[in-house]
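Data block below; observations after.
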Ligand SMILES: Cc1ncc(C[n+]2csc(CCOP(=O)(O)OP(=O)(O)O)c2C)c(N)n1
Ligand SMILES: Cc1ncc(C[n+]2csc(CCOP(=O)(O)OP(=O)(O)O)c2C)c(N)n1
Ligand SMILES: [Mg+2]
Ligand SMILES: [Mg+2]
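Chains as they are written, first to last, in my numbering: chain S, 1 to 325; chain L, 326 to 650; chain G, 651 to 1009; chain R, 1010 to 1368.
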């Protein structure tokens, strides 16, 4: 069983999908000879050729649009957006076409596209390289949005995304690309879609998070455990649809909820989770919900990113706050 | 005092701004001789000339980008996006430049741009002409997002938006453009930014909404009053920043909250309001918050729009539900 | 300074405004049946247009985008394409669509705001109407990329208007097509106006055929009211594409003889004189004259054709007006192949509150 | 078919790879001071580049985009512009920026991930570095629109890379500039590569100078390692723009002698032979030879210049490393002229938890 990083897990899944299904095609900027700026596609063009692993011209709108066209012919397109801040020019195609093609044609034309992109900051990158824009995607019906938190989950979720016949936005936590290794069995098994994962069971507070913040949240849970506070940690994993049932069940048990995300607070995805709890589990709540999030500022240049990205300390304090409230 | 429709109120405000300040420039598709597809700019090119009221080439990304360039020179650009579904190509400029220019240059270059666009459905228009995408804008720090609900508010808020030195997204409820007339004093007075408005005071339930849904919500409040249920109706008006204080105060009084918006439910702006209440006013709540929203489907073609756009009946039922809960 | 690159744009016209041949005629021009088929389709489009506008005016159809004036271009493109090619239309190219098998009922259903109109029984792989201007052009490039990857001898055809050429997406698509020599033809329908904006305000380009030059893609302009020229130019471009020589930008110069849509009032911005002059160049009469000169057509054929068109249109309107009603599940049925569980709840709410919303 | 439009792209070179004049020299080429100023700036850029890369390698700077190889183009553009013109750069055109007054300290501060680096003390109206490729070009068109509206005799200059020309935004900007004859020059720096993608894969266009033809905007190509040619071509284009004749696309053909950025490893995708060959055409030596031939330059001037550059760079690094620390309020200070009240609460949280986040 190979021990791999998250980005290597993605590479394994892509290789597997390309090998299994001749309709799978990878497109993106610098994904060919260069193997992607994060090396997610390393070696794949050599192995599968320059058409199946295709460097596109430098135009994200084009990547989205050509993906729609290719997918309408039954190709399964896995497109890479080099950094999430460069997603914007592709949004028109994603929202106005990918998300709608099946619906508007009553299933006649479909859009089996996976849009892969790095998510979040923390790697000292220049401006526009550290964005967390999941809400822009999650708000659009007709899309699924996934965010893995470990090499094995990246592998299994990416396979699930590629095999799904509808468009899936696949957000890869940049900070985790090379953070840690994990044994990943390259057995071609996909993970289920639409499901959150309870990473750790606990009794006092539910901590919901996703992507890179999963790790800080687990560390916070460790620290809290030292103080005899038992946390249930949920990796949301599917950012759209949200698996509210898993969260509601947990909150039913703990009565306390802290939501942690790197994205800005205002109209962030944490709001959707808190709102659903306020609607469906109000009487379970023993304390106000707390969101621990990025600030409502633009993502600062990297010298300030450690002050923007929330910390273990903030999560710990938030959890304690729910225990006082 | 002229009796005008909402779109006429906008026209008055634009004319006033153009007359008052030689730096005000209008740009957009078909806004010149044609006066805009909704006639918001009718007569303005004749009066102020083809450079100050400028038809652009057909490219929303360009409109956003040229606005940034013009604004950097101190022009106050009021750009029209013909329908909100065509906003996507402009989002790159809005999010990556408008919202950030002041911050990234530490105030050296600023971006006094107003982006005007129709918002919402209900006018039997073709696909992509009926979108409610406020959350895509509200999630971005560095922008203000406004949505007037009457001719007078449109007039006063638009003047405030144009005079503000930062970018303001101005969403005009399409359904209200010609719905009703109101006396609007063309006195050049701007309304305050960042403030929600309590349109009707009440004791039992707080109803928060914005844009076209204000009217249905008021009708629902009327119906509820017939059943002796007294509603406080809040027109959010400023969609970013949200005036949470006004809402919290009202919920403190009523203990019940229904949020009404036309946009899709998942990660809609209603979530932010509900989440904030769950954080800051949990103990004031006598019943679960209810969101009455668009479905998590793509906005259907217009034959189905009466089934997509929520109804007075749904609002009434939701309010009653909070009284049972 | 030395010259390192040179480009030229050609113009094709085979039929003058009186319907006289003014160039080397391609074989199909001498094929009576081929010419009759094309002319018949043009007439059907013209009559359908009138009917659809009428339905809209009388509240029986939503906003509709007329095609009057564009018939030669639309029908010629349809005739030049093969059934296995794929079309990425904008919103008014009914002539091409009907030629390819889209039904009048489907067209009406679409403009009645009903998604079922885009579920063509006919060309199953053709794209539906595309409202966000320009965004259809990368689709065509993507379709052509699929053809290339699979070594299929098929072509994609994307329409775009004169106004639409200002969208960056169009240039991105051309650039990709050029770089990969994709089998795709971009047809710019230059009808003089983008709603209220005339061509001269839209761009400094002397022609739209040259729109590809910056991305290494050749272009050709033709008289878009001359069905022979358009078909000839399209056949050449498609042949080039099919044989691996890459994309072409084809500009068809025509005129929008109608309002932009039924929601528009062109008299607000468009000089009447220009419109009157354009009617002198309109495509139907010109084609008919050509056919009459050759003995392909006469008054009785015309009368029979018109009767047949009217009958077809009436049948289509009937089919459209009597299509089964859609219920609120319609909004949920085709969002996903595997819908998330949570949508079920909303589907029930929609059933409960169907048709009660504001409008 | 008759020809209805023709276009040609010219190529300008005034200095061959050995520094010998090979064309009609413009006046500034005979002006020793002007030439020395330009050459000195080129050398400063080259030495600064080395220093910045070194700082990055030793953990004292973030990712940095080198300019080695581009100095002739960058400096020539700076020299051709007037101070009151406005520059919309991408991210590596330091030669132009420093010429216009941006300081080395500001450049380092920017690449250290500190917004204060973009608050140029110098050209207050110039745009900061622009990371989203292509998005700077409509800014330049907008700036030029402001100049036109106010009848100011100023020009905007936008840079873009060979890769960047694939972005639709670039074409949209050119089209607007053409339609309004705006005073703007688009400078395409063709350095052969867009990260790992070579020009031939990026586009089928034979030149980048022709990128404007589709939108009615003329173009000219020049040897981007020939400082005389670039400056000449830019002066002509700016003169054209200033006198109301509209925009030009200028292509400067140069080569990226470095990795794309310090985060890149070009050896993964770029043949060593190509790089070696490109070094034979690099701009500094060529300019120096030209100046030596004319007696404008000698070894002792070279030594003095280098010493001066090193001192300037050292001072800049010192200034950069000793700039005042920023506190967490930095994130909130310049979001709005009138910040919403609610931000205050977050500012307090940020103060409390500053510098504790993951990275
Ligand atoms: C992205 C986008 N922006 C704006 C519109 C609104 N709109 C619809 S048609 C049109 C003009 C199109 O002109 P042209 O491309 O010349 O096509 P024509 O209508 O003349 O066939 C505009 C601005 C749109 N549909 N999509
Ligand atoms: C919109 C966008 N997409 C992707 C990137 C990532 N990226 C940065 S530089 C670059 C290549 C640019 O090549 P070119 O335009 O030729 O400029 P050069 O670096 O050669 O100067 C890419 C893909 C980006 N910055 N912006
Ligand atoms: Mg047109
Ligand atoms: Mg380059």
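Each residue gets a CB set at the ideal place from its N, CA and C atoms; glycine is no exception.
Next item on the list: Look at the Cβ atom of residue 763/G, then the Cβ atom of residue 633/L, and state whether they are nearer than 8 Å.
Entry: Here residue 763/G is taken as the residue at index 113 of the third chain, counted from 1. Here residue 633/L is taken as the residue at index 308 of the second chain, counted from 1. For residue 763/G and residue 633/L, no; Cβs fall outside 8 Å.
Next item on the list: For residue 852/G, decide whether its Cβ has a neighbour in chain R, counting only Cβ atoms nearer than 8 Å.
Entry: As a first step, residue 852/G must be located in the third chain, where it is residue number 202. Yes, contact with chain R.
Next item on the list: Output the residue ranges of the beta strand (DSSP E) runs that lie fully inside the stretch 1043-1089 of chain R and measure 3 residues or longer, sorted by chain position.
Entry: none
Next item on the list: Please look up how many angstroms separate the CB atoms of residue 685/G and residue 888/G, rounded, as I've assumed it's under 8 Å.
Entry: Here residue 685/G refers to the residue found at position 35 when the third chain is read from its first residue. Here residue 888/G refers to the residue found at position 238 when the third chain is read from its first residue. 19 Å between Cβ atoms; not a contact.
Notebook entry, point to check: Count the other CB atoms within 10 Å of the CB of residue 562/L; is the residue buried (16 or more) or exposed (fewer)?
Noted result: Residue mapping note: residue 562/L aligns to position 237 of the second chain, counting from 1. By the beta-carbon neighbour count (other beta carbons within 10 angstroms, threshold 16), residue 562/L is buried.
Check: Among 40/S, 11/S, 115/S, which one has its Cα closest to the Cα of residue 65/S?
Finding: Locating residue 65/S in the first chain gives position 65, counting from the first residue. Nearest of 40/S, 11/S, 115/S to residue 65/S, Cα basis: 115/S.
Note to self: Does the CB of residue 758/G have a neighbour CB from chain S at under 8 Å?
What the structure shows: For the purposes of this step, residue 758/G is identified with residue 108 of the third chain, where counting begins at 1. For residue 758/G, the nearest beta carbon of chain S is not closer than 8 Å to its own beta carbon.
Note to self: For a cutoff of 8 Å on Cβ pairs, would you count residue 818/G as touching chain R?
What the structure shows: Working through the third chain from its first residue, we reach residue 818/G at position 168. Output row for residue 818/G: interface = yes.
Checklist line | At least three beta-carbon pairs within less than 8 Å, the stretch 805-815 of chain G to the stretch 833-846 of chain G | finding: yes
Check: ligand 3: which residues have Cβ under 7 Å from any of its heavy atoms, chain order?
Finding: 811/G, 812/G, 813/G, 839/G, 840/G, 841/G, 842/G, 843/G, 844/G, 906/G
Check: Which of helix, strand or coil does DSSP assign to residue 560/L?
Finding: Indexing the second chain from 1 puts residue 560/L at position 235. In this structure, residue 560/L counts as strand in the three-state DSSP scheme.
Item checked: Against chain S: residues of the stretch 1127-1141 of chain R by CB proximity under 7 Å -> Residues of the stretch 1127-1141 of chain R with a Cβ closer than 7 Å to any Cβ of chain S, in chain order: 1140, 1141.
Note to self: Any heavy atom of ligand 2 inside 7 Å of the beta-carbon of residue 1195/R?
What the structure shows: On the fourth chain, position 186 is the one that residue 1195/R refers to. For ligand 2, not one heavy atom lies less than 7 Å from the Cβ of residue 1195/R.
Note to self: Is residue 379/L near ligand 1 - that is, is its Cβ less than 7 Å away from at least one heavy atom of it?
What the structure shows: As a position in the second chain, residue 379/L is number 54, starting the count at 1. No, ligand 1 has no heavy atom inside 7 Å of this Cβ.
Next item on the list: Measure from the C-beta of residue 105/S to each C-beta in chain G and report whether the shortest distance is under 8 Å.
Entry: Within the first chain, residue 105/S is the residue found at index 105, counting from 1. Output row for residue 105/S: interface = yes.
Note to self: I need the DSSP call for residue 940/G, collapsed to helix, strand or coil.
What the structure shows: Within the third chain, residue 940/G is the residue found at index 290, counting from 1. DSSP places residue 940/G in helix when its eight states are reduced to three.
Note to self: Check for me: the beta strand (DSSP E) holding residue 809/G runs from which residue to which?
What the structure shows: As a position in the third chain, residue 809/G is number 159, starting the count at 1. Its beta strand (DSSP E) spans residues 806-811.
Next item on the list: Output the residue ranges of the alpha helix (DSSP H) runs that lie fully inside the stretch 1093-1175 of chain R and measure 4 residues or longer, sorted by chain position.
Entry: Runs found: 1103-1109, 1113-1120, 1145-1158.
Item checked: Beta-bridge partners of residue 660/G, as assigned by DSSP -> As a position in the third chain, residue 660/G is number 10, starting the count at 1. Residue 660/G pairs with 870/G, 1012/R.
Next item on the list: Whole angstroms is fine: what's the gap from residue 652/G's alpha carbon to residue 1238/R's?
Entry: The residue given as residue 652/G occupies position 2 in the third chain. The residue given as residue 1238/R occupies position 229 in the fourth chain. Whole-angstrom Cα-Cα distance: 13 Å.
Margin query: With a threshold of 8 Å on Cβ separation, who are the neighbours of residue 1039/R within its own chain once the five nearest residues in sequence on each side are excluded?
Written below: As a first step, residue 1039/R must be located in the fourth chain, where it is residue number 30. The residues are 1303.
Notebook entry, point to check: When the distance is taken between beta carbons, is residue 500/L closer than 8 Å to residue 467/L?
Noted result: Residue numbering aside, residue 467/L sits at position 142 when the second chain is read from its first letter. Residue numbering aside, residue 500/L sits at position 175 when the second chain is read from its first letter. For residue 467/L and residue 500/L, no; Cβs fall outside 8 Å.
Notebook entry, point to check: How would you label residue 734/G, buried or exposed, when you count the other beta carbons within 10 angstroms and need 16 or more for buried?
Noted result: Taking the third chain and counting its residues from 1, the one referred to as residue 734/G is at position 84. With fewer than 16 other Cβ atoms within 10 Å, it is exposed.
Next item on the list: Give a yes or no on whether the minimum CB-CB distance between residue 846/G and chain L is below 8 Å.
Entry: Position 196 of the third chain holds residue 846/G. Yes, residue 846/G lies at the interface with chain L (some Cβ there is under 8 Å from its Cβ).
Notebook entry, point to check: Quick one: what's got a C-beta closer than 6 Å to residue 321/L's C-beta in the same chain, skipping five residues either side?
Noted result: Outside the modelled stretch of chain L, which goes from 326 to 650, sits residue 321/L, for which no answer is possible.
Checklist line | Whole-Å CB distance - residue 1142/R paired with residue 1176/R, under 8 Å assumed | finding: Translated into the one-based positions of the fourth chain, residue 1142/R becomes position 133. Translated into the one-based positions of the fourth chain, residue 1176/R becomes position 167. So it is a contact: roughly 6 Å between Cβ atoms.
Margin query: Counting only C-beta atoms, is residue 626/L closer than 8 Å to chain G at any point?
Written below: Locating residue 626/L in the second chain gives position 301, where the first residue counts as 1. Output row for residue 626/L: interface = yes.
Next item on the list: Please report how far the alpha carbon of residue 47/S lies from the alpha carbon of residue 63/S, in whole angstroms.
Entry: One-based indexing of the first chain puts residue 47/S at position 47. One-based indexing of the first chain puts residue 63/S at position 63. Whole-angstrom Cα-Cα distance: 22 Å.
Notebook entry, point to check: Hey, would you say residue 275/S sits closer than 8 Å to residue 600/L, going by beta carbons?
Noted result: Taking the first chain and counting its residues from 1, the one referred to as residue 275/S is at position 275. Taking the second chain and counting its residues from 1, the one referred to as residue 600/L is at position 275. Closer than 8 Å, so yes.
Margin query: I'd like to know whether the C-beta of residue 422/L is nearer than 8 Å to at least one C-beta of chain S.
Written below: On the second chain, residue 422/L is found 97 positions in, with the first residue counted as 1. So no, residue 422/L is outside the interface.
Notebook entry, point to check: residue 148/S lies in the beta strand (DSSP E); which residues open and close that run?
Noted result: Here residue 148/S is taken as the residue at index 148 of the first chain, counted from 1. Counting along the chain, residue 148/S falls outside any beta strand (DSSP E), and DSSP gives it neither H nor E.
Margin query: Three Cβ pairs or more, each shorter than 8 Å: is that satisfied between the stretch 469-485 of chain L and the stretch 331-340 of chain L?
Written below: yes
Checklist line | Buried or exposed by the 16-neighbour rule on C-beta atoms within 10 Å, applied to residue 766/G | finding: Here residue 766/G refers to the residue found at position 116 when the third chain is read from its first residue. Classification of residue 766/G: buried, given that the 10 Å Cβ count is 16 or more.
Item checked: Assumed close pair residue 484/L, residue 515/L - CB separation to whole angstroms, cut-off 8 Å -> Here residue 484/L refers to the residue found at position 159 when the second chain is read from its first residue. Here residue 515/L refers to the residue found at position 190 when the second chain is read from its first residue. About 4 Å separates the two Cβ atoms, so the contact holds.
Check: What separation, rounded to the nearest whole angstrom, lies between the Cα atoms of residue 167/S and residue 541/L?
Finding: As a working note, residue 167/S is residue 167 in the first chain. As a working note, residue 541/L is residue 216 in the second chain. Each residue's Cα considered, the two are about 35 Å apart.
Checklist line | CB of residue 982/G within 8 Å of CB of residue 622/L, strictly | finding: Taking the third chain and counting its residues from 1, the one referred to as residue 982/G is at position 332. Taking the second chain and counting its residues from 1, the one referred to as residue 622/L is at position 297. Yes.
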